[in-house]
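Chains as they are written, first to last, in UniProt numbering: chain A, 1 to 145; chain B, 1 to 145.
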């Protein structure tokens with residue numbers, strides 16, 4: 001397992017809007033307009049599986065995931081938070097942290113499932129307006145994590 | 001947040017084949033014939049979000065998830081492990097631990113996405129034959145976790 005894989009998109013690019021980073025992890029906001037407030041906690045080096053990390057590294061990664069989750073719950077009051085480490089297409093460890101809302105296009109299905117309804121444009125616009133402040137709150141929480 | 005919610009299916013029933021449990025967590029094998037070796041790590045009490053748990057409880061839950069993941073990687077050699085805590089339909093904390101294979105019906109899409117091909121009956125039968133021994137290996141790893 002090399003530190004970087006030149007063929008891996010998450011080794012080459014941030015993978016979204018950079019919000020915070022340290023030597024081991026970065027947090028980006030996903031470019032997913034239908035799911036505002038969707039962040040990813042991405043390992044800086046190229047590792048495929050969660051169990052490839054040692055306990056301390058997993059605890060650090062999960063502390064960052066939880067810090068993001070807490071800010072999303074406080075600022076957006078989602079119906080549910082969805083967490084996932086999948087990586088079938090990009091086997092570079094990253095956690096999806098997704099706030100879900102009863103009006104979102106896929107709720108209660110996972111965002112990878114079938115759309116249940118058209119997106120609610122007014123709700124999306126209202127949440128999109130919160131994103132710059134949300135990014136700052138996420139970065140501040142990660143500094144403290 | 002009460003300890004049990006009589007309306008919650010994961011408060012009323014194991015939610016799959018019971019494989020292991022202690023006072024705080026249980027591990028079941030999911031009744032998903034298309035995804036053999038799919039386990040769930042389920043909190044015994046009714047809590048919706050991962051960040052509702054304190055750090056020690058999260059570390060314990062994740063140690064169980066990782067123990068299951070390690071057994072699946074060793075015994076099944078999947079293409080990828082998928083981990084997820086979603087709970088939109090059943091907001092009772094549970095982690096999905098899903099071994100994924102290049103021949104499975106949905107790979108590389110998430111199992112909640114669209115089927116990519118018919119299931120490979122021979123591969124499913126081969127893996128199903130491993131499940132009793134896999135359950136025992138999972139239970140043994142959880143005893144040691």
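C-beta: ideal position from N, C-alpha, C; glycine also.
- Task: Please state if the CB of residue 89 of chain A and the CB of residue 37 of chain A are separated by a distance shorter than 8 Å.
- Result: Between residue 37 of chain A and residue 89 of chain A, the C-beta spacing is not below 8 Å.
- Query: Thinking C-alpha only, which one of B/19, B/3, B/23, B/33 is nearest residue 122 of chain B?
  - Reply: Checked all of B/19, B/3, B/23, B/33; the closest Cα to residue 122 of chain B is B/33.
- Task: Run the CB neighbour count on residue 114 of chain A, radius 10 Å, all protein chains shown included, and call it buried at 16 or more, exposed below.
- Result: Result: exposed.
- Item | Sequence-distant residues of its chain with Cβ nearer than 8 Å to residue 25 of chain A (five each side left out) | Within the same chain, residue 25 of chain A has close Cβ partners 41, 42, 43, 44, 60, 61, 64.
- Can you tell which of A/29, A/49, A/102 has the C-alpha that lies nearest to the C-alpha of residue 128 of chain A? Out of A/29, A/49, A/102, A/29 has the C-alpha closest to the C-alpha of residue 128 of chain A.
- Query: Which of the residues in the stretch 82-99 of chain A, read from start to end, lie with their CB under 7 Å from any CB of chain B?
  - Reply: Along the stretch 82-99 of chain A, the positions whose C-beta sits under 7 Å from a C-beta of chain B are 82, 83, 84, 85, 86, 87, 88, 89, 91, read in chain order.
- Message: With distance defined between alpha-carbon atoms, name the residue in B/91, B/124, B/101, B/72 nearest to residue 39 of chain B.
- Response: Per the Cα distances, B/72.
- Task: Give the interface partners of residue 69 of chain A over in chain B, defined as CB-CB distance under 9 Å, in chain order.
- Result: In chain order: 49, 50, 51.
- Message: Using only the alpha-carbon positions, how far apart do residue 1 of chain B and residue 56 of chain B sit?
- Response: Reliability fails at residue 1 of chain B, whose pLDDT of 47 lies under 50, so the model's placement of it is uncertain and the value that follows must be treated cautiously. So the two alpha carbons sit approximately 19 Å from each other.
- Query: When the cut-off is 8 Å and only beta carbons count, does residue 16 of chain A lie next to chain B?
  - Reply: Closer than 8 Å: no.
- Task: Could you tell me which residues DSSP pairs with residue 43 of chain B in its beta bridges?
- Result: Per DSSP, B/25.
- Message: Judging by CA-CA distance, which residue of B/118, B/21, B/47 is the nearest neighbour of residue 9 of chain B?
- Response: Checked all of B/118, B/21, B/47; the closest Cα to residue 9 of chain B is B/47.
- Message: Using the Cβ count rule (16 or more neighbours within 10 Å means buried), how would you classify residue 141 of chain A?
- Response: When all chains shown are included, residue 141 of chain A counts as buried.
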